[in-house]
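Report on the structure given below.
Number of protein chains: 2
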Amino acid sequence: MNYQEQYQHYLVCVEQRLNTLRQDYWNTESKIADASFYSLLAGGKRVRAVLCMAVCDMLNGNEQLACEYAAAVEMLHCYSLIHDDLPCMDNDDFRRGKPSCHKAFGEAEALLAGDALLTQAFEVLAGAPAFNPQQNVDAVKCLSHAAGTRGMIWGQELDLRFENQSATEQQLQEIHKNKTGMLIDAAARLGAIAALADEATQRAISQYAFSIGLVFQIVDDVLDVTAAQETLGKPVGSDAENGKTTFVTLYGVSRSMEMAEKITQQACEELSRNFGMRAAFLQDLAKSLLQRKK
Amino acid sequence: MNYQEQYQHYLVCVEQRLNTLRQDYWNTESKIADASFYSLLAGGKRVRAVLCMAVCDMLNGNEQLACEYAAAVEMLHCYSLIHDDLPCMDNDDFRRGKPSCHKAFGEAEALLAGDALLTQAFEVLAGAPAFNPQQNVDAVKCLSHAAGTRGMIWGQELDLRFENQSATEQQLQEIHKNKTGMLIDAAARLGAIAALADEATQRAISQYAFSIGLVFQIVDDVLDVTAAQETLGKPVGSDAENGKTTFVTLYGVSRSMEMAEKITQQACEELSRNFGMRAAFLQDLAKSLLQRKK
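Protein chains in written order, with the numbering used here: chain Z, 573 to 866; chain H, 573 to 866.
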């Protein structure tokens, strides 16, 4: 399989699982389920899910288990987007070219849909078909830590704090490491947990994951000023409008892209040293995140 | 130890643990931590935590583990109160006689504080000092199921649905079973899991838990019309004002209390049949919930 076919294979696995979650975990005739799945099934690149499955695959792990963990990561990510879009947070009316969850279903419903996806992510992890129960305990630890108060929520708090004041590069990196990096890292680690990887392997995976997480964010900042609204599916230039510090406000477009290229190259070389030929897909994934146009 | 001393013992255990959670799981200098612990340490009866610890104690289980599970239940419960009070939900300005979380810290902060407590509850469970990893997996399953889309969140949805239309007794019971009963049941079951109880024992515990959960709600409805605002710490008569169906609107105060007494008596008798003299504390707990004045 080439890169595109392999990506498609992972994508189909996780989309299928996301589509059956509703009947497994939600009541029929639930407006909160409608709101949850409106957002959860709105497409997107599923980078976190693909990363989880690809890491597990590279380490010869159990694909079914990785797919279950991947679904949980997507639920967690989706909850964070729904709550992030709420009026009291970023107040975004659109997400992926469609009205955001609270615009389509109401604020109370969006709040509960987010709470539901967060809660159910852990029920999915705890019920996953693991080889031993310790795997699922590790998976819950991994995801709750990454999504929690020393991870994503801490990133959200830093983001609020620096909304109307400029940040240094170090502060910006700290925000992104927590706001997006930790969950991307958790996705990769969950793939490693599904493959029963040892600590040293997990650390190598983690280093790669934080690198592509950072690149993802740099490219996001660049696209915010260079992409057309139709391509991106969300308003362009919203960062500058909000007075936010970004990699572009710190270094401009071309120096930012140079940084992103360098980080990607190092991550790919390191991966190659650790995993040889089997690292090919994750290397291509890193490059595609660098080159993405939306 | 008499009932009061035993209650106090459990309460001190869990309060101590709740007080050390901040240094274990939150960053210092976090406003979201301030908001979370403002609500989490606001006191209250800690019925769920005490129930968890008392069930474990009755079954000769590990107190330290039960205390950890109890802390997670209180975090979960606290998150639900914070989100429930938000303007888009019940829009309550007060909670336990103090400004509610969003009134004291702002809406975005309260939203994130709730998200944080929910997320960290699962990190606490996954990191609990269990005898074997399966216990923690069962604990995560138990709590996520009870708090999720076929439990508390479903209860919230039903509650929203029946906000401005009358409900039958069956519908009212369905709302309460999910909105409050499932989490009280989870608290009791977590105590049983901490004691490595078998399925039959867990079922007996569950029956008791749903009974006291229902009594708790009936008494809540009664107190809403009979208690003075100073005693209750929240506005009185808010149910009637909102046009909500309650046990009082269906049956009046005295028939509601008769129902509550009968359910309590049956639950106590059943518990005695199953656990003999060791059931004494849980029987007293049931009676105190029936007789509470706030």
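C-beta atoms are modelled at their ideal positions from N, C-alpha and C, and glycine is treated no differently.
- Message: Counting only beta-carbon separations shorter than 8 Å, does Q728 (chain Z) have a partner in chain B?
- Response: Structure shown: chain B not included; protein chains present are Z and H.
- Query: So what does DSSP say about R667 (chain Z), is it helix, strand or coil?
  - Reply: Counting from one through the first sequence, the residue named residue 667 (chain Z) turns up at place 95. Note: R667 (chain Z) maps to strand in three-state DSSP.
- Item | 6 Å Cβ shell around T836 (chain Z) - same chain, five flanking residues per side excluded | As a working mapping, residue 836 (chain Z) is identified with position 264 in the first sequence. Closer than 6 Å at Cβ, skipping near neighbours: V787, A858, L862.
- Query: Is the Cβ-Cβ distance between R620 (chain H) and E646 (chain H) less than 8 Å?
  - Reply: Taking the first residue of the second sequence as position 1, residue 620 (chain H) is located at position 48. Taking the first residue of the second sequence as position 1, residue 646 (chain H) is located at position 74. Yes, the Cβ-Cβ distance between R620 (chain H) and E646 (chain H) is below 8 Å.
- Message: What are the residues in the region 823–837 of chain H lying within 8 Å of chain Z by C-beta distance?
- Response: none
- Item | Nearest neighbour of E841 (chain H), chosen from H:K603, H:S783, H:L653, H:A719 [CA to CA] | For the purposes of this step, residue 841 (chain H) is taken as residue 269 along the second sequence, with counting starting at 1. With distances taken between Cα atoms, E841 (chain H) lies closest to H:S783.
- Message: V627 (chain Z) and I777 (chain Z) - do their beta-carbons sit closer together than 8 Å?
- Response: Your numbering for residue 777 (chain Z) matches position 205 in the first sequence. Your numbering for residue 627 (chain Z) matches position 55 in the first sequence. Yes; because the gap between Cβ atoms is below 8 Å, this pair is in contact.
- Have a look at Z:A739, Z:S738, Z:L612 and flag the residue whose alpha-carbon is nearest the alpha-carbon of L690 (chain Z). In the first sequence, residue 690 (chain Z) corresponds to position 118, counting from 1. Closest option to L690 (chain Z), Cα to Cα, is Z:L612.
- Message: Against chain H, does C660 (chain Z) count as a neighbour if the rule is that its beta carbon must be under 8 Å from one of theirs?
- Response: Within the first sequence, numbered from 1, the residue matching residue 660 (chain Z) stands at position 88. Answer yes: the Cβ-Cβ gap between C660 (chain Z) and chain H drops below 8 Å somewhere.
- Message: Please identify, using Cβ separations under 7 Å, the residues of the region 701–716 of chain H that lie next to chain Z, in order along the chain.
- Response: P705, Q706, N708, V709, V712, K713, S716
- Could you tell me which chain Z residues have their CB closer than 8 Å to the CB of R722 (chain H), listed as they occur along the chain? Position 150 of the second sequence, counted from the first residue, corresponds to residue 722 (chain H). Close partners of R722 (chain H) in chain Z (Cβ separation under 8 Å): Y597, W598, N599.
- Task: Would you mind working out which of Z:Q838, Z:V791, Z:N663 sits nearest V825 (chain Z), comparing C-alpha positions?
- Result: Here the question's residue 825 (chain Z) lines up with position 253 in the first sequence. The residue with the shortest Cα to Cα distance from V825 (chain Z) is Z:V791.
- Report the neighbours of G699 (chain Z) on chain H: residues whose CB is nearer than 7 Å to its CB, in chain order. Residue 699 (chain Z) sits at position 127 when you count from the first residue of the first sequence. Per Cβ cutoff of 7 Å: K713.
- Message: Which residues of the region 677–690 of chain Z have a Cβ closer than 7 Å to any Cβ of chain H? Give them in chain order.
- Response: So the list reads E679, A680, L683, L684, D687, A688, L690, given in the order they occur along the chain.
- Partner residues on chain H for H748 (chain Z), Cβ-Cβ distance less than 7 Å: Looking up residue 748 (chain Z) in the first sequence gives position 176. Correct list: empty, because the minimum Cβ distance to chain H is about 16 Å.
- Task: With distances taken Cα to Cα, identify the nearest neighbour of G699 (chain Z) among Z:V820, Z:C650, Z:A644.
- Result: Sequence index remark: in the first sequence, residue 699 (chain Z) carries index 127 (1-based). Nearest option by C-alpha distance: Z:A644.
- Query: Just reading off the alpha helix (DSSP H) that C536 (chain H) is part of, what are its end residues?
  - Reply: The shown model of chain H, from 573 to 866, leaves out residue 536 (chain H), and the question about it has no answer.
- Give me the Cα-Cα distance between A772 (chain H) and A839 (chain H), rounded to the nearest whole angstrom. Position 200 of the second sequence, counted from the start, is the residue given in the question as residue 772 (chain H). Position 267 of the second sequence, counted from the start, is the residue given in the question as residue 839 (chain H). Answer to the nearest angstrom: the Cα atoms are 16 Å apart.
- Would you check if the distance between the CB atom of E729 (chain H) and the CB atom of I654 (chain Z) is smaller than 8 Å? In the second sequence, counting from the first residue as 1, residue 729 (chain H) sits at position 157. In the first sequence, counting from the first residue as 1, residue 654 (chain Z) sits at position 82. Not a contact, by the Cβ cut-off of 8 Å.
- Item | Contacts around Y597 (chain H), its chain only, beta-carbon distance under 7 Å, and the 5 residues preceding and following it disregarded | As a first step, residue 597 (chain H) is located in the second sequence; it is residue number 25 there, counting from the start. Excluding positions up to five away in sequence, the list reads Q692, E695.
- Message: By the three-class DSSP mapping on this structure, what secondary structure does L631 (chain Z) have?
- Response: Here residue 631 (chain Z) is taken as the residue at index 59 of the first sequence, counted from 1. L631 (chain Z) falls in the coil class under three-state DSSP.
- Run of the alpha helix (DSSP H) containing N591 (chain Z), from where it starts to where it stops: To locate residue 591 (chain Z), count along the first sequence from 1; it is residue 19. For N591 (chain Z), the enclosing alpha helix (DSSP H) has its first and last residue at 575–597.
- Buried or exposed by the 16-neighbour rule on C-beta atoms within 10 Å, applied to S738 (chain H): Taking the first residue of the second sequence as 1, we reach residue 738 (chain H) at position 166. Classification for S738 (chain H): exposed.
- Checking contacts by CB at 8 Å: is K816 (chain Z) closer than that to chain H? As a working note, residue 816 (chain Z) is residue 244 in the first sequence. Closer than 8 Å: no.
- Message: Comparing C-alpha positions only, which one of Z:D629, Z:G686, Z:A760 sits nearest to A718 (chain Z)?
- Response: Sequence index remark: in the first sequence, residue 718 (chain Z) carries index 146 (1-based). Minimum Cα distance to A718 (chain Z) is reached at Z:A760.
- Mind pulling the chain H residues with CB within less than 7 Å of A719 (chain Z)? On the first sequence, position 147 is the one that residue 719 (chain Z) refers to. Simply T691.
- Message: Alpha carbons only, please: which of Z:T592, Z:L631, Z:N599, Z:L822 is nearest the one belonging to A851 (chain Z)?
- Response: Taking the first sequence and counting its residues from 1, the one referred to as residue 851 (chain Z) is at position 279. Closest option to A851 (chain Z), Cα to Cα, is Z:L631.
- Cβ neighbour criterion (16 or more within 10 Å) applied to D592 (chain H): Along the second sequence, one-based indexing puts residue 592 (chain H) at 20. The sequence given here has Thr at residue 592 (chain H), not Asp. Looking at its Cβ environment, which holds fewer than 16 other Cβ atoms inside 10 Å, T592 (chain H) is exposed.
- Nearest to Q576 (chain Z) by alpha carbon, out of Z:L590, Z:K617, Z:F609? Residue mapping note: residue 576 (chain Z) aligns to position 4 of the first sequence, counting from 1. Checked all of Z:L590, Z:K617, Z:F609; the closest Cα to Q576 (chain Z) is Z:K617.
- Local conformation of T556 (chain Z) per DSSP, three classes: Past the boundaries of the shown model lies residue 556 (chain Z); chain Z is included only from 573 to 866, so the question cannot be answered.
- Query: What are the boundary residues of the alpha helix (DSSP H) that includes A852 (chain Z)?
  - Reply: Within the first sequence, the letter at position 280 stands for residue 852 (chain Z). Here the alpha helix (DSSP H) through A852 (chain Z) covers 852–863.
- Query: Between the region 600–614 of chain Z and chain H, which residues of the former have a C-beta closer than 9 Å to a C-beta of the latter?
  - Reply: Here the close residues are S602, K603, I604, A605, S608.
- So which residues of chain Z does H655 (chain H) contact, with C-beta pairs closer than 7 Å? As a position in the second sequence, residue 655 (chain H) is number 83, starting the count at 1. Going along chain Z in sequence order, the residues near H655 (chain H) (Cβ under 7 Å) are L683, D687.
- Tell whether a beta-carbon distance below 8 Å holds between G873 (chain H) and I747 (chain H). Chain H is shown from 573 up to 866; residue 873 (chain H) falls before or after that span and cannot be answered.
- Could you check the C-alpha separation between C660 (chain Z) and N634 (chain H) for me, to the nearest Å? As a position in the first sequence, residue 660 (chain Z) is number 88, starting the count at 1. As a position in the second sequence, residue 634 (chain H) is number 62, starting the count at 1. Rounded to whole angstroms, C660 (chain Z) to N634 (chain H) spans 43 Å at the Cα level.
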